[in-house]
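Heads up: the sequence shown is residues 213 to 575, going by our numbering.
Every residue gets a Cβ at the ideal spot worked out from N, C-alpha and C, and that includes glycine.
What you are looking at is a predicted structure, and each value in this text was computed from that prediction instead of being measured.
Report on one structure; see the data block that follows.
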Amino acid sequence: MKPFKIRDITIDPPVILSPMAGVTDYTFRRLIKRRGGVGLVVSEFISVEGLTRHNPKSKRQMRFDEEERPFAVQIFGGRPERMAMGAEMAQEVGADILDVNCGCPAPKVVKNGGGSGLLREPALLETILKEIKKSITIPLTLKLRTGYSDASINVVDVAKMAEQCGVEHIQVHGRTREQGYKGLANWEIIRRVKEAVTVPVSGNGDITTIKYGMDRWRESGVDGILIGRGAMQNPWIFRQFADVLAGRQPYQPDLQEKKDVLLEFFSMCREEMPELVSLGKMKQLAGQFTKGLVGGAQFRQTLYHSHSADEILDNITTYFETLSNRETFGDGVVEADTDPVTDSCDSGMALPACDAGSSAAVA
Ligand SMILES: Cc1cc2nc3c(=O)[nH]c(=O)nc-3n(C[C@H](O)[C@H](O)[C@H](O)COP(=O)(O)O)c2cc1C
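Structure (structure tokens):
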């Protein structure tokens, strides 16, 4: 388990913030990057139809900061010429890597031939990859699911084809399109992909603890891992991995830091977005972040019913004061870790209403 390279770009540590539409925007990526230990960040998936028609939202989604490097832009679509144009635009804005989404299960995306729909059409995917290769010089990478359904698991063949097309890093989320986010990711299939190609392979699915991640990593032999939902629950998870890889005790943030990270996020959101959107973003992060914390359920209820920035700030202060005084808050029990409710890559998280729009327009 050591750093790996995508051409001349070193992924160190080999732990990647997995792209999440409506989540891994400019603000969230920098929040996570600043906690340390992130080897690569990826944009939300960006529609090439929007990009190439100069949709301001799609263009805004390519925005990044130098502190985020190495930075990958992920695009999706089903038309080779549009994909090539979108890839070129990502290179022009200075992305280090161009990633193609071949995993999104959202019906709207699949219907238009993009996302996991491409798993059913390997010939079209091959054309897309070849067209993109002609239009960019930065490395091309691919994010795949294991197949369209249990009856058509084809990720090993698709990965081999992609390698022949010049793809330089293959990332596999170990679920099929049909599976959505149900059950557990199949890391055995990820291992088979790793054995079948010579380019680096990274595995993805369900990593929310260091132990689970290390176990899957060892068993599958992958070069890197991607963490998605786990980053919202624990923004320090990357740093903790880096610590363990370097033989140190994993970093443990104290309550003050936990409070501060929420406040930092809120303040970053308020600088970037209209008030209503930043309230939604805050509810989204806090909702995931307080899973498993004492009284988290009641805190989330209070937060979801907050209608202004002041109310949110007051609620955060009260919640953390209560925790630090060791008083019982709400139900007074530590919640069991449960899977966040998810069903698609663009609208899966149980997002507060005012936030759902931020990703829906992409798909
Ligand atoms: C809300 C949400 C949005 C997502 N959006 C994307 C996306 O834009 N592109 C992509 O390749 N995967 C997307 N995914 C899939 C994740 O990158 C990742 O593959 C999946 O969540 C499994 O990893 P995890 O268990 O670490 O979360 C999304 C997942 C979620 C929950």
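Item                                                                                                                                                                    : Value
May I ask you to report which of helix, strand or coil DSSP gives L229?                                                                                                 : strand
With DSSP run on the structure shown, which of helix, strand or coil describes R460?                                                                                    : coil
Got a sec, what are the start and stop residues for the alpha helix (DSSP H) D311 sits in?                                                                              : No alpha helix (DSSP H) contains D311, which is instead part of the beta strand (DSSP E) from I309 to C314.
Please report how far the alpha carbon of A509 lies from the alpha carbon of A521, in whole angstroms.                                                                  : 20 Å
Could you check if F257 belongs to the surroundings of ligand 1, using beta carbon to heavy atom distance under 8 Å?                                                    : yes
Can you tell me the Cβ-Cβ gap for I228 and G459, rounded? I've got them flagged as a contact below 8 Å.                                                                 : About 22 Å separates the two Cβ atoms, so there is no contact after all.
Ignore the nearest five residues each way along the sequence and tell me which others in R275's own chain have a CB closer than 7 Å to its CB.                          : Y238
Given a cut-off of 9 Å on the beta-carbon distance, is the pair C314 and K342 in contact?                                                                               : no
Using the Cα positions of S490 and I382, report the straight-line distance between them to the nearest angstrom.                                                        : 34 Å
Quick one, are the C-beta atoms of I348 and Q303 less than 9 Å apart?                                                                                                   : yes
What's the gap between the Cα of Q391 and the Cα of E400?                                                                                                               : 16 Å
Sort P282, M480 and G492 by Cα distance to P351 and report the nearest one.                                                                                             : P282
Report all residues from its chain with a CB closer than 6 Å to the CB of R482; omit the five preceding and five following residues, and keep chain order.              : S490
With a threshold of 8 Å (Cβ to nearest heavy atom), would G440 be considered close to ligand 1?                                                                         : yes
Excluding the five sequence neighbours on either side, which residues of its own chain have a C-beta within less than 6 Å of the C-beta of G417, listed in chain order? : H385, G386 and A397
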